[in-house]
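Just below is one structure, and these are the notes that go with it.
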Amino acid sequence: DMKVVMGPSGCGKTTLLRCLLRLEEPDYGDIYFHGRNIYDKEFTVLEFRKKVGCVFQNYALYRHLNVMDNITLALCKVFGMPGQLAREKALHVLQKLDMASHSAKYPSQLSGGQQQRVALARTMVTDPELIIFDEPTSALDPLMTREVGMLIKQLHDNGVTILCVTHDIRLARLLSDNVTFLNHGKIRAEGAFTDLALRETDPDIHCFFSEAQR
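Start counting the sequence shown at 16; every next residue gets the next number (this note's numbering).
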C-alpha cells in the first residue's frame, strides 16, 4: 500500500509520525502493526524498528561518518551483520541509487539530493516492510523531486509499504491516489489527489491547494 499525508504547517503531521515511530505516545487511540498495539507493554520495540524505516526531512546523517559507515552502522550494531557482508550489501544499494562512487565521502561533501539518497540507502539496506518519509523533497528542485518520487514508487512496486508525509503537491500527484488531508490534528478528507485538489467546498483544503500551486 502507499499512503500520502498532506496538510498545512502545524496540522499534526509531525506528531503523527512521532507517534507512529513510538517517539511520542498518543493522548488516546491505538496504533497497530501486524495486529498488535505498538504501545502495549509487551510489544518489542527493537523488533518493530527492525521492520520500519524512516527517511527524515533533515536526512539525519552522522556528520563524522562517511557514506559507507552511515549506511552500515545499523546493519552491524542492530542486526549483528558482519562488517564485510554489511559493506557488500550497502554497496549494492548505493549502486542502485547511483551513489557508489560517493561511498567514501562525508555528508558535508554531498549536495542535498545526494544526502537524501544516502538517507534512503540507509533505510533500504535493512529491508524494511514499511518506510515512512518525512517531507523527502523539502530541499530539492523539481527535477530531483521527480527522481526521488520515482525511487519511492519503485520501492512500492517491490512490495514495500510506503507512508509519505509531504506538503509538496508535485510529489503527492506523482505518488498516490490515496491521500489523507490533515488539519488541526484531525483527518479532514481522504481520496484521490485530483479530487482533493478540486474540492472547493472545504475552505481549508481549497486554500491549501491554491497556495501550494502558486
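Beta carbons are placed, not taken as given, at the ideal position from N, Cα and C, and that holds for glycine.
Which same chain residues end up closer than 6 Å to residue i when comparing Cβ atoms and leaving out the 5 residues on each side of it in sequence?
i	result
R132	L112, M114
S191	M17, V19
T138	G68, V70, I146
I86	A105, A136, R137, V140
Buried or exposed for residue i, going by 16 or more other Cβ atoms inside 10 Å?
i	result
F94	exposed
I202	exposed
S225	exposed
D149	buried
L135	buried
C222	exposed
G164	buried
L61	exposed
L213	exposed
Using only the alpha-carbon positions, how far apart do residue i and residue j sit?
i	j	result
Q129	A75	13 Å
Y54	L36	10 Å
D156	E103	31 Å
S24	C69	20 Å
F208	L189	9 Å
Considering only residues of the same chain and omitting the five flanking positions on each side of residue i, which have a CB-CB separation below 8 Å?
i	result
T195	K18, V19, V20, M21, I202, A204, E205
E40	C34, Y54
T30	E39, G200
N52	D45, I46, F58
Y77	D84, N85, L88, P122
What residues in its chain sit with their C-beta under 7 Å from that of residue i, if we drop five residues either side in the sequence?
i	result
R185	P157, T160
H117	V82, L125, Q129
Check your understanding: Using 8 Å as the threshold, is the segment 75 to 89 in touch with the segment 159 to 173, meaning 3 or more CB pairs across them?
Key -> Fewer than three beta-carbon pairs drawn from the segment 75 to 89 and the segment 159 to 173 are found closer than 8 Å, and the two stretches are therefore not classed as touching.
Review point. Which runs of the alpha helix (DSSP H) fall wholly inside the segment 134 to 176 and span at least 4 residues, in chain order?
Key: If we require 4 residues or more, the alpha helix (DSSP H) runs fully inside the segment 134 to 176 come out as 157 to 172.
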